[in-house]
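Just below is one structure, and these are the notes that go with it.
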Amino acid sequence: MENKRFQKFVKRLIDIIVSLIVLIVFLPIWILVAVLIKVTSPGPVFFLQDRPGQYKKIFKVYKFRTMRPGSEKMVKGQEVMKDDERITPIGRFLRRSKIDEVPQVLNVLKGEMSLVGPRPERIASLEDYDDEISKRLNMKPGMTGLAQVNGNIYLDLQDRYRFDVYYVENYSLWLDLKIMLRTIGVVLFGEERYVGKCLVDLNKGAVASQKEAATI
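This is the structure in structure tokens:
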């Protein structure tokens, strides 16, 4: 328990340091992106939306806008695919490169998110959560996560939940490092490259959870 507490302290420290570096060093790029969004399509530069965070605490997530105004009304659990006609021309590049997620370093600095964790879903998704899926809310949501480096939009919703719950139950700094390293690969080569190439053994996590439950 003490080791986990220390790891979470280090995790928060890494969140702050890396977020400040991204925010300050790459500021000129973010300004350029903001200008390109503004001149290529009508609407605001940023997209803000209420999302449930750790323990269901609601916060506003920040993103560069990649879709046409009014496109935020979506079917629950249905991902925006890369050929979605609602995506703006510059938005296509921002989504593919993951640059649209960069403003979330502000959420990280505020302590609402972490660099790594389950991705924050829409509030409406909470209606379908059972006790098992709700475990994904026991840690701060992340800019990237285990499901995002194992296929993400190409995965079934329930499979994404399984990855999220595995992460929460098996968290370690080493796992965070592996996720961040593979995130670089996802940015460079695309999410489809990692479909079927599991970073962890989900079944092993399930067996460990069953053993833990049996001892309670």
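Going from the sequence shown to this note's numbering is simple: count from 1 and add 1.
Glycine included, C-beta positions come from ideal geometry on N, C-alpha and C.
### Message
Please tell me whether Val34 and Ile91 are closer than 9 angstroms, where the distance is taken between their beta carbons.
### Response
Along the sequence shown, read from residue 1 onward, the residue named residue 34 stands at position 33. Along the sequence shown, read from residue 1 onward, the residue named residue 91 stands at position 90. Remark: C-beta atoms of Val34 and Ile91 approach each other more closely than 9 angstroms.
### Spatially closest choice to Lys12 from Leu116, Ile25 and Asp101, by CA coordinates
Position 11 of the sequence shown, counting from 1, holds the residue named residue 12. Nearest of Leu116, Ile25 and Asp101 to Lys12, Cα basis: Leu116.
### Task
Could you say which of Arg97, Gly44, Val196 and Trp175 lies nearest to Val188 if we only look at CA atoms?
Here residue 188 refers to the residue found at position 187 when the sequence shown is read from its first residue. Comparing C-alpha distances from Val188 to each of Arg97, Gly44, Val196 and Trp175 shows the shortest one belongs to Arg97.
### Message
Taking 7 angstroms as the limit between beta carbons, can you name the residues of its chain near Val150, skipping five residues before and five after?
### Response
Position 149 of the sequence shown, counting from 1, holds the residue named residue 150. For Val150, the CB contacts under 7 angstroms within the same chain, skipping 5 residues up- and downstream, are Ile180, Arg183, Thr184, Val187, Tyr195 and Leu200 in chain order.
### Boundaries of the beta strand (DSSP E) in which Asp51 is found, first to last residue
Translated into positions along the sequence shown, residue 51 becomes position 50. Per DSSP, Asp51 belongs to the beta strand (DSSP E) from Phe47 to Pro53.
### Query
Just checking my contact of Gly54 with Lys136 at CB under 8 angstroms: how many whole Å lie between their CB atoms?
Residue numbering aside, residue 54 sits at position 53 when the sequence shown is read from its first letter. Residue numbering aside, residue 136 sits at position 135 when the sequence shown is read from its first letter. The beta carbons of Gly54 and Lys136 sit about 14 angstroms from each other, so the pair does not count as a contact at 8 angstroms.
### Query
Mapping DSSP to helix, strand and coil, what is Lys141?
Position 140 of the sequence shown holds residue 141. In this structure, DSSP gives Lys141 a state outside helix and strand, which the three-state scheme calls coil.
### Message
Please report the straight-line C-alpha distance between Phe60 and Glu193, rounded to a whole angstrom.
### Response
Sequence index remark: in the sequence shown, residue 60 carries index 59 (1-based). Sequence index remark: in the sequence shown, residue 193 carries index 192 (1-based). So the alpha carbons of these two residues sit roughly 30 angstroms apart.
### Query
Which two residues bound the contiguous beta strand (DSSP E) that contains Tyr168?
Counting from 1 along the sequence shown, the entry for residue 168 is found at position 167. Unbroken run through Tyr168 is the alpha helix (DSSP H), Leu158 to Glu170; no beta strand (DSSP E).
### Message
DSSP three-state label for Tyr63, please.
### Response
Reading the sequence shown from its first residue, position 62 is the one you call residue 63. Here Tyr63 sits in strand by DSSP.
### Task
Output the distance between the C-alpha atoms of Leu28 and Asp177, rounded to the nearest integer angstrom.
Here residue 28 corresponds to residue number 27 of the sequence shown, with the count starting at 1. Here residue 177 corresponds to residue number 176 of the sequence shown, with the count starting at 1. One alpha carbon belongs to Leu28, the other to Asp177, and they sit about 25 angstroms apart.
### Residue from Val46, Asp51, Arg93 and Lys57 with nearest C-alpha to Pro70
Taking the sequence shown and counting its residues from 1, one reaches residue 70 at position 69. Minimum Cα distance to Pro70 is reached at Val46.
### Message
Under 9 angstroms, Cβ to Cβ, is there at least one residue of chain D near Leu110?
### Response
Among the protein chains of the structure shown there is no chain D, as only one such chain exists.
### Query
Roughly how many angstroms lie between the CA atoms of Lys9 and Gly191, to the nearest whole one?
Working through the sequence shown from its first residue, we reach residue 9 at position 8. Working through the sequence shown from its first residue, we reach residue 191 at position 190. Within the model, the alpha-carbon separation for Lys9 versus Gly191 is close to 29 angstroms.
### Message
Only counting the same chain, and skipping five residues up and downstream in sequence, which positions put a Cβ closer than 8 angstroms to that of Leu14?
### Response
Taking the first residue of the sequence shown as 1, we reach residue 14 at position 13. Scanning its chain for C-beta atoms nearer than 8 angstroms, with the 5 sequence neighbours on each side dropped, one finds no residue around Leu14.
### Task
Can you have a look at Gly197 and say buried or exposed, based on whether 16 or more other CB atoms are within 10 angstroms of its CB?
Here residue 197 is taken as the residue at index 196 of the sequence shown, counted from 1. Per the 10 Å Cβ criterion, exposed.
### Query
Where does Val117 sit, in a helix, a strand or coil, going by DSSP?
Taking the first residue of the sequence shown as 1, we reach residue 117 at position 116. Residue state, collapsed to three classes: strand.
### Task
Measure from the alpha carbon of Asn139 to the alpha carbon of each residue in Gly152, Lys111, Tyr172 and Asn204, then state which is nearest.
In the sequence shown, counting from the first residue as 1, residue 139 sits at position 138. Taking each of Gly152, Lys111, Tyr172 and Asn204 in turn and checking the Cα distance to Asn139, the smallest one comes out for Tyr172.
### Query
For the alpha helix (DSSP H) that Met1 lies in, which residues bound it at each end?
Absent from the structure is residue 1, since the part of the chain shown begins at 2 and ends at 217.
### Query
Can you tell me the Cα-Cα spacing of Gly118 and Asp16, whole angstroms?
On the sequence shown, position 117 is the one that residue 118 refers to. On the sequence shown, position 15 is the one that residue 16 refers to. Computed Cα separation, rounded: 11 angstroms.
### Query
Alpha carbon to alpha carbon, how far is Thr67 from Ile134?
Here residue 67 refers to the residue found at position 66 of the sequence shown. Here residue 134 refers to the residue found at position 133 of the sequence shown. For Thr67 and Ile134, the distance between alpha carbons rounds to 29 angstroms.
### Task
Ignore the nearest five residues each way along the sequence and tell me which others in Val51's own chain have a CB closer than 7 angstroms to its CB.
In the sequence shown, counting from the first residue as 1, residue 51 sits at position 50. The sequence shown places Asp at residue 51, not Val. Excluding positions up to five away in sequence, the list reads Ile59, Lys61 and Ile124.
### Query
When burial is assigned at 16 or more other CB atoms within 10 Å of the CB, is Thr145 buried or exposed?
In the sequence shown, the residue the question calls residue 145 occupies position 144. Per the 10 Å Cβ criterion, buried.
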